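Note that this note's numbering has the sequence shown beginning at 223, numbered continuously upward.
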Amino acid sequence: MHHPTRREFLKLAAAGCAGAAALASSEIEAAPEPADKNRQPNILFLMTDQHRFDCLGCYGNSVIKTPNLDRIARDGIRFTSAYSSAPSCTPARAALLTGLNPWHHGQLG
Numbered sequence: 223m224h225h226p227t228r229r230e231f232l233k234l235a236a237a238g239c240a241g242a243a244a245l246a247s248s249e250i251e252a253a254p255e256p257a258d259k260n261r262q263p264n265i266l267f268l269m270t271d272q273h274r275f276d277c278l279g280c281y282g283n284s285v286i287k288t289p290n291l292d293r294i295a296r297d298g299i300r301f302t303s304a305y306s307s308a309p310s311c312t313p314a315r316a317a318l319l320t321g322l323n324p325w326h327h328g329q330l331g
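Set out below in structure tokens:
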């Protein structure tokens, strides 16, 4: 079995995060296109623990106040439909970070 070097892992993790963010949902709400199309994208990938979508104001929760995350969601892209590659946390997070399915990255539980 091939064990990737740290550099290979970091490349895979970066590619996996970018790919997962881009492909995790077929339904997204996008902000208007920026005026300068040559500008590099500003990507913020948030991964929280024990945090459902309905705990944010931008998804309709009026009790919990999340003004900063609501502003980020309003000014950027907000996912409205997503898919998890595994039902438990560790394999799903490893899939996000590597871009591989659980049976390929080896974290099965």
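Glycine included, each C-beta is placed from N, C-alpha and C at the ideal position. The structure presented is a predicted model; accordingly, all values stated were derived computationally and were not measured.
8 Å Cβ cutoff met for residue i and residue j
i, j, result
"Pro324", "Ser307", "yes"
"Gly328", "Ser310", "no"
Per-residue burial, residue i [other beta carbons within 10 Å of its own, 16 or more giving buried]
i, result
"Pro313", "buried"
"Ala236", "exposed"
"Leu266", "exposed"
"Gly282", "exposed"
"Leu319", "buried"
"Leu268", "exposed"
"Gly321", "buried"
"Leu278", "buried"
Rounded distance between the beta-carbons of residue j and residue i, thought under 8 Å
i, j, result
"Cys280", "Asp297", "That pair is no contact at about 11 Å."
Segments assigned beta strand (DSSP E), at least 3 residues, entirely inside the region 297-322: Entirely contained in the region 297-322, not one beta strand (DSSP E) run reaches 3 residues.
Within the region 265-300, ranges of the alpha helix (DSSP H) (whole runs, at least 4 residues): Assignment of alpha helix (DSSP H) within the region 265-300, counting only whole runs of 4 or more residues, yields 289-297 in chain order.
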